[in-house]
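Chains as they are written, first to last, in the numbering used here: chain V, 1 to 314; chain Y, 315 to 628; chain H, 629 to 942.
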Amino acid sequence: MKHFLSVNDVDQVDKWLEEAISIKKDPFQYAELGRNKTLGLIFFNSSLRTRMSSQRAAYNLGMNVIVMNVGTDSWKLEFEDGSVMNGDRAEHIREGAAVMGQYCDILGVRAFAGLTDREKDYQEEVLTAFQKYAGVPIVSLESATRHPLQSFADLITIESFRKKERPKVVLSWAPHPRALPQAVANSFAEWMLEAEVDFSITHPKGYELDPAFVKNTPVIYDQKEAFQDADFVYVKNWSSLKEYGQVLNTDVNWQVRESLFAENSQSYVMHCLPVRRNAVLADDILDSPRSLVIEQAANRVVSAQTVLKQILVS
Amino acid sequence: MKHFLSVNDVDQVDKWLEEAISIKKDPFQYAELGRNKTLGLIFFNSSLRTRMSSQRAAYNLGMNVIVMNVGTDSWKLEFEDGSVMNGDRAEHIREGAAVMGQYCDILGVRAFAGLTDREKDYQEEVLTAFQKYAGVPIVSLESATRHPLQSFADLITIESFRKKERPKVVLSWAPHPRALPQAVANSFAEWMLEAEVDFSITHPKGYELDPAFVKNTPVIYDQKEAFQDADFVYVKNWSSLKEYGQVLNTDVNWQVRESLFAENSQSYVMHCLPVRRNAVLADDILDSPRSLVIEQAANRVVSAQTVLKQILVS
Amino acid sequence: MKHFLSVNDVDQVDKWLEEAISIKKDPFQYAELGRNKTLGLIFFNSSLRTRMSSQRAAYNLGMNVIVMNVGTDSWKLEFEDGSVMNGDRAEHIREGAAVMGQYCDILGVRAFAGLTDREKDYQEEVLTAFQKYAGVPIVSLESATRHPLQSFADLITIESFRKKERPKVVLSWAPHPRALPQAVANSFAEWMLEAEVDFSITHPKGYELDPAFVKNTPVIYDQKEAFQDADFVYVKNWSSLKEYGQVLNTDVNWQVRESLFAENSQSYVMHCLPVRRNAVLADDILDSPRSLVIEQAANRVVSAQTVLKQILVS
């Protein structure tokens, strides 16, 4: 069975990228492939892009879709093994996942990090349980530590806009009023390390990411320096890994704005959205030709459709 | 690009009405027209009729549908330009609308009046933003000041039940325990002024509607007098425009009930629903052959399907 | 018009069972039957299995689906006739059901027992109103007193796993931290009394079910004795009928666990799910080959599809 939980589930990134570009050009070429197949989209958290783009991707493949908001549409789920379920959780994930797997040919699952227990988050309790009990292919719609459909869409975007063989890509931390997971940053790093790019990271001290994801990617603590000659600057907030889930820094100087770029800079700026304007990214970037954020969002259909297609034919 | 936000977006009302009657007779005549097209339905407020009838209309045209409840399914949206987004709104409408437009071929949007700031409501902040940023045709599913799919369904209903060339149509205010928008009344007036009917309005003093919508429609302050020889009485509550959003009158005598009609009256009674029985409209009307409320609701599929069809072929 | 509210709506249980087994083998044999038809799924309560399996069943028949969560997606509904609707309920079921019937060819409705007013619950206020006002076939997705799609799925499961002509089936009460309806138990009893099985019930004193459902089914108050030579033990909690909606007993000894079965016992154990592990059913049952709970859940698609098929061809 073929799951899609990280770049490690992609046998050949360049082949998938080629397929994605082909699907982007002709979105209905596999419109019969999903006939009589149903995609279940299981949300433990809010979603706009993922919710809509995954549905659109499935429709483009001729699939049916069932959307389920866990906890409002259905019951709260228990994940602890051996627990005596006398509280507010009416169903165990062992049954929940197994049952959903009976009704759907593929399950997409979104379950964010709780940001209180690092070990628990990094063990990917929810996605692991679905893999274990559902009996059908699982697609991550953003898990505690990764957001691979986003990262794949980001790679497609870079591929579409790059002006040189091996562009320079910089992942930049930016401030945010709330504590956010490391998932997008982890995942973007993983994908960039598999791509034909020069990759580096810039963030304030204390925001170091897990080496399991970033390997030995260079970290530059001076943001402006890091941005020099960058072809793509990928902006994202994340909370501290070391002091887990803490906001250590709210320095507005890290907000990404036009003045951080040299006058002749050709850098594109990327963000996975949703983005808080004038907190994370300034209006003068988002409303300028530098911004690729809408193109990235559009490519979410392409990445989802490519992944679903690969699973359907496997 | 063709939007549908008011009767002003309809080039020829009589042609659209003709098309609607044809679609009503044969709902599946365009069942292939929407192949590979997706309708997004974006709800900032509750909905029963609009939610269900728009889906049915899309299915009848062979379209796929994505439903999104903003604020519960996804993030709260910011509409203020230039704001520093440090509060509870995680995404700006500039990105939100643009992204939804990437995933859908047509977007239906429901966003009620807030009833606290008249100017803001009458500027149609939400629908205007979607028009500006989404890049795809926008269909109003009821905005702050209009409910055109309802009004079009009402016109179809009148066309189906009229017994004379130019029927007399009376819009009557009725009491309601809560403050309601003027949208349905505004919109109904606009459509009636484009139709082959004699149109007048009756309401208590203080409930005058915006002249931009009602033009110089006669207002009769005596409800019983207004109802004389009416072929269609359209009942609806709205709050005051002048003392914006206020409930100025709760006089139960304005409740529409059988005793307001002459013994030999042939008047039909209409209401857009939901209706509070024995508050707005009495049981003795709703349970009598006068009532066309279910026919109106049924015609919501027809109006939506006609509008979607016109957009798809444009 | 053909409704599906109980086993009494099934003309020949053995024929429906035969059809179900055929559909289970070849789920797409009627994939064209539902073309241009729409199933509405109306939820007054949470749902996982029913929500997903009903959608899947409809898709397998080529139907479209509209899902509506009453009270969150739309308005709260009033059921009282003659009431003056000045409270929080914006729409009466007379209009609500009639309108939904205009948009859908079949309506599935879920409305649990309130467990405070026995007479009201057992009159099936909600389902009765839908039957009366919707004008289209109504399928119970679990009502106050019955869960027929579950019971039919249970019968299909028993049919698939039985090793003798006339298996012994025992319905066993089990403890639960909250008060639950009698619906599943009532309904299971009704279906078993129509099936080729030897049926008995075991529960503590005070948990007697309504004779209208269980007729003169033997009740054995000693659980272990009741389980002897059982081929299928169906586990379910329900609250008291006599002291209506009360939890009279929380004795953990009634929890169904391996030690209740003889060493050489071949009994299968069933439960409709969701199940609270180690409260209602022990891990040592649920994780053993005795458990048929996932098979039952899988058969929810089959029962729903059979019912929808029968309605579509009628």
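Note that the Cβ used here is the ideal one computed from N, Cα and C, for glycine as well. Given the structure is predicted, the values throughout are model-derived calculations rather than measurements.
Item	Value
Own chain residues within Cβ distance below 7 Å of Y/A574, not counting five before or after	Note on identity: in this sequence residue 574 of chain Y is Leu, with Ala being the wrong assignment. Here the set comprises Q537, K538, F541.
When Y/A499, Y/P518, Y/R604, Y/S514 are compared against Y/S320, the one with the closest alpha-carbon	Y/A499
Counterpart residues of V/T116 in DSSP-defined beta bridges	Its beta-bridge partners do not exist; DSSP assigns none.
Chain-order list of residues whose beta-carbon lies under 7 Å from that of Y/A508 (same chain, five-residue window excluded)	Position check: residue 508 of chain Y holds Glu in this sequence, whereas Ala was assumed. So the list reads V321, V327, once near-sequence residues are dropped.
9 Å Cβ cut-off: residues of chain H touching V/N36	P655, F656, A659, Y687, N688
Integer Cβ distance of H/W819 from H/F780, believed to fall under 8 Å	7 Å
Chain Y residues whose Cβ lies nearer than 8 Å to that of V/L273	E405, E409, V413
Where the stretch 163–187 of chain V meets chain C: residues whose CB sits under 7 Å from a CB there	Protein chains V, Y and H are contained in the structure displayed, whereas chain C is not.
Reference V/M85, options H/K833, H/P805, H/K652, H/S828, closest by Cα	H/P805
Those residues which DSSP pairs with Y/T352 across a bridge	Y/N378
Through-space distance from H/Y731 to Y/G520, alpha-carbon basis	38 Å
With 16 other Cβ atoms within 10 Å as the buried cut-off, status of H/T785	buried
Beta-carbon proximity of Y/L494 to Y/I452, cut-off 8 Å	no
Proximity winner among V/N60, V/S74, V/H92, relative to V/P27 (alpha-carbon distances)	V/N60
Straight-line gap, V/T72 to H/E923 (C-alpha atoms, nearest Å)	25 Å
H/I922 at chain V interface by Cβ criterion, 8 Å	yes
Best match in V/G135, V/V169, V/V126 for proximity to V/N45 [C-alpha to C-alpha]	V/V126
Same chain, Cβ closer than 6 Å to V/L292, neighbours up to 5 away in sequence not counted	T157, Y268, M270
Contact set between Y/S367 and chain H, taken where Cβ atoms lie within less than 7 Å	Y731
Chain Y within 8 Å of H/I694, Cβ atoms only	yes
contact_flag[the stretch 611–620 of chain Y, the stretch 739–757 of chain H] where n(CB pairs < 8 Å) is 3 or more	no
Proximal residues of chain Y, C-beta to C-beta of V/N278 below 9 Å	G396, S397, V398, M399, N400
For V/Q150 and V/S303, the rounded distance between their alpha carbons	8 Å
Between the CA atoms of H/D826 and H/A840 - distance to the nearest angstrom	18 Å
Proximity test, Cβ basis, 8 Å: H/S702 and chain Y	yes
Cross-strand partners of H/R806 (DSSP beta bridge)	Answer by DSSP bridge pairing: none, since H/R806 is not bridged.
Neighbour list for H/G668 in chain Y, Cβ cutoff strictly below 8 Å	M366
Under 9 Å by beta carbon: chain H residues contacting Y/S264	For residue 264 of chain Y there is no data in the structure shown, the boundaries of chain Y being 315 and 628.
DSSP state of H/W801 mapped onto helix, strand, coil	strand
Neighbour flag for V/D154 against chain Y, beta carbons, 8 Å	no
H/L676 vs V/G96 beta-carbon contact at 8 Å	yes
Whole-number beta carbon distance between V/K76 and V/R94, since they are thought to touch under 8 Å	Rounded, the Cβ-Cβ distance is 15 Å, inconsistent with contact.
Partner residues on chain H for Y/L328, Cβ-Cβ distance less than 7 Å	The sequence given here has Asp at residue 328 of chain Y, not Leu. Per Cβ cutoff of 7 Å: no residues; Y/D328 is ~25 Å from chain H at best.
Test item: CB-CB of V/R56 and Y/I380 under 8 Å	yes
Through-space distance from H/Q933 to V/H203, alpha-carbon basis	55 Å
Inter-residue Cα distance where the pair is H/V903 and H/N697	23 Å
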